[in-house]
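Below is one structure, written out as structure tokens, with a few remarks after it.
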Amino acid sequence: MGPTLMAAFLLWLPALLAVFGSLNLLGRGGPIWKVLTPLCAVLVLLAPMTVPDSTSTQAVELLWGVIVIGAPLLAGLALMVFSGDVPVGRAPTWGRPVGLLLVGFAAFLLVTWKPAFVTDEGLWGRFVLVFLAASISLCGSLYVTHRLFVPRRRSRSWPMLAGALLAGALLVFHGAGGQTGPSAVAEIAGLFLGAGLALMLSVLVIWLFERNLPEPQALPPPSQDDLERAAAIVARRMQTGGELDG
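Each residue of the sequence shown is one higher than the one before, counting from 4 in the numbering used here.
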């Protein structure tokens with residue numbers, strides 16, 4: 004069996020099944036997907052060992068690096084968020100300092116660490132640049148949006164500004180130049196344009212659906228009996244202090 008066929012059976016087919024199974028589990032997935040989805044995800048993560056001769060495993064190698072950085076980053080952000088004034092799922096008091104340390108550790112890895120298991124160093128550098136530049140763009144856009152259009156959240160929008168400044172500082176420390184910088188800008192521009200196009204198409208679908216709906220029927224005005232019955236209920240509740248009507 005050739006490398007291409009091996010990669011198709013041990014990488015791409017499990018990847019498609021893992022994505023489909025994850026989406027299925029978000030809805031009403033059957034019990035088979037609860038077993039098949041994790042199994043396919045494990046096969047995808049083990050692709051560098053099962054199909055080492057395939058060039059497609061470079062994406063899995065990059066995924067392992069993303070997991071190494073993303074795990075402490077997401078855990079730290081979750082601890083920082085849920086250690087505040089939240090009514091449900093509140094983290095312990097040590098959640099905020101530990102979360103801050105985890106975020107700092109992830110930021111340190113993002114700037115200084117180059118995973119040895121990623122064979123294409125340019126691929127990893129492009130990921131770091133795209134990640135930081137996209138973080139700056141999204142955090143800055145959300146900060147400006149909240150400041151201009153959501154007056155009640157102006158005082159709570161500082162974390163987005165802090166995220167944009169932190170990502171900008173990390174981008175400066177990491178450095179952006181050579182052939183990687185322009186390609187990262189092109190990828191971010193394509194990502195935002197594609198997301199904007201998808202959003203506009205979804206809005207168009209909703210507009211077409213709402214346009215074809217029939218006009219709502221107006222309710223008839225209340226009759227004299229309805230008004231007298233409502234007045235009797237109000238008078239009875241005022242006299243009995245809100246007890247149930249018999």
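Where a beta carbon is used, it is the ideal one built from N, C-alpha and C, also for glycine.
Assign residue i to buried or exposed, taking buried as 16 or more other Cβ atoms, counted over all protein chains shown, within 10 Å of its Cβ.
i: G249; result: The predicted model places G249 with a pLDDT of 48, which falls under 50 and marks its position as unreliable, so this point remains unresolved.
i: W127; result: buried
i: V54; result: buried
i: M163; result: buried
i: M252; result: In the structure as shown, the chain begins at 4 and stops at 249. Residue 252 is therefore absent and cannot be evaluated.
i: L28; result: exposed
i: M83; result: buried
i: E213; result: exposed
i: A50; result: buried
i: E218; result: exposed
i: S205; result: exposed
i: L1; result: The chain is shown from 4 up to 249; residue 1 falls before or after that span and cannot be answered.
Enumerate in chain order the residues of its own chain whose CB-to-CB distance from residue i is below 8 Å, with the five nearest sequence positions on each side excluded.
i: S186; result: R129
i: L104; result: G79
i: P95; result: S86
i: G33; result: N27
Whole angstroms is fine: what's the gap from residue i's alpha carbon to residue j's?
i: V133; j: A11; result: 28 Å
i: V154; j: V147; result: One detail in the question is off: residue 154 reads as Pro in this sequence, not Val. Taking the straight line from one Cα to the other gives about 11 Å.
i: L230; j: F85; result: 50 Å
i: I35; j: V22; result: 14 Å
i: S160; j: G73; result: 23 Å
i: V175; j: V131; result: 12 Å
i: E124; j: W116; result: 11 Å
i: P224; j: T243; result: 29 Å
i: L39; j: L20; result: 8 Å
i: R232; j: A165; result: 59 Å
i: G143; j: N215; result: 38 Å
i: P41; j: L66; result: 16 Å
i: A198; j: I191; result: 10 Å
i: S140; j: A201; result: 18 Å
Quick one: what's got a C-beta closer than 6 Å to residue i's C-beta in the same chain, skipping five residues either side?
i: R157; result: R150
i: A18; result: V47
i: V71; result: none
i: A62; result: none
Next item on the list: Tell me, please, whether the region 73-86 touches the region 36-47 by the rule of three or more beta-carbon pairs shorter than 8 Å.
Entry: no
Checklist line | the region 98-110 / the region 58-78 touching (three or more Cβ pairs under 8 Å) | finding: yes
Notebook entry, point to check: Between the region 200-213 and the region 162-175, are three or more C-beta pairs nearer than 8 Å?
Noted result: no
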